[in-house]
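So for the sequence shown, this note's numbering puts the first residue at 7; every next one is plus one.
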Amino acid sequence: MNYANIKPWDTADGPGVRVSLFVSGCTHKCKNCFNEEAWDFAFGNPFTQETIDYILNLMSHDYINGLTLLGGEPFHPKNQEAVLELLRQVKSRFPEKSIWAYTGYVLEKDLLTGRACISDVTLEYLSKLDVLVDGPFIEEKKNLGLRFRGSANQRLIDMKKTLACGEVVLWEDWQGDARGMK
Numbered sequence: 007m008n009y010a011n012i013k014p015w016d017t018a019d020g021p022g023v024r025v026s027l028f029v030s031g032c033t034h035k036c037k038n039c040f041n042e043e044a045w046d047f048a049f050g051n052p053f054t055q056e057t058i059d060y061i062l063n064l065m066s067h068d069y070i071n072g073l074t075l076l077g078g079e080p081f082h083p084k085n086q087e088a089v090l091e092l093l094r095q096v097k098s099r100f101p102e103k104s105i106w107a108y109t110g111y112v113l114e115k116d117l118l119t120g121r122a123c124i125s126d127v128t129l130e131y132l133s134k135l136d137v138l139v140d141g142p143f144i145e146e147k148k149n150l151g152l153r154f155r156g157s158a159n160q161r162l163i164d165m166k167k168t169l170a171c172g173e174v175v176l177w178e179d180w181q182g183d184a185r186g187m188k
């Protein structure tokens, strides 16, 4: 897997100050995507243990609330194993920090049914997330007033509650909890 960018301080892609990893590779090709250069799986730099160590070091600061995964497409089968290894290490070292992921896939239609996720690690990957922002960016549904998403079709899903009860539970807007979770 390659990655396009790592933002050490991101306040736009989840609550609080976060470290954001932009993976390379996406086949959705949403119209007017904000990160078209990351569609190419070869774009950017190789994702290695050294990259993971760098992210863990960035996350070690008390003011960092969590990690956000964006793309490209973090859930593309070519990216899942490398991202999951990062999530395992983040959860082991920082269990109190939240993990958010953005995907152009739809949770029930693509990720839980196996239609888009042809990886053996998808369910473990989902279990490491606190919030999943799902659905493709749709230009015609663009709304700059939405918090943490670009178009009205996208949902902020509380993954812990969703996996526990077996149906989609939307994330309740952040109300001051340092991790961004209630």
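In this text, a Cβ means the ideal position worked out from N, Cα and C, and glycines have one as well.
- Here C171 is exposed: its Cβ has fewer than 16 other Cβ atoms, across all protein chains shown, within 10 Å.
- Across the set K37, P83, R161, G72, the C-alpha of G72 shows the shortest separation from the C-alpha of V96.
- By the 16-neighbour rule on beta-carbons within 10 angstroms, G50 is buried.
- A Cβ-Cβ contact shorter than 8 Å links V112 with G141.
- Taking 8 Å as the cut-off, the Cβ atoms of S30 and A44 count as close.
- In the DSSP annotation of this structure, the continuous segment of the beta strand (DSSP E) that includes V25 starts and ends at 23 to 29.
- Comparing alpha carbon positions, the residue from H34, Q160, Y108, T119 closest to T74 is Y108.
- In the assembly as shown, R24 is a buried residue. Its beta-carbon has 16 or more other beta-carbons within 10 Å.
- For N63, the enclosing alpha helix (DSSP H) begins and ends at 55 to 65.
- Closest in C-alpha terms to E87, from the list W106, T119, L132, comes L132.
- Annotation: T74 is outside any alpha helix (DSSP H); the continuous beta strand (DSSP E) that includes it extends over 70 to 76.
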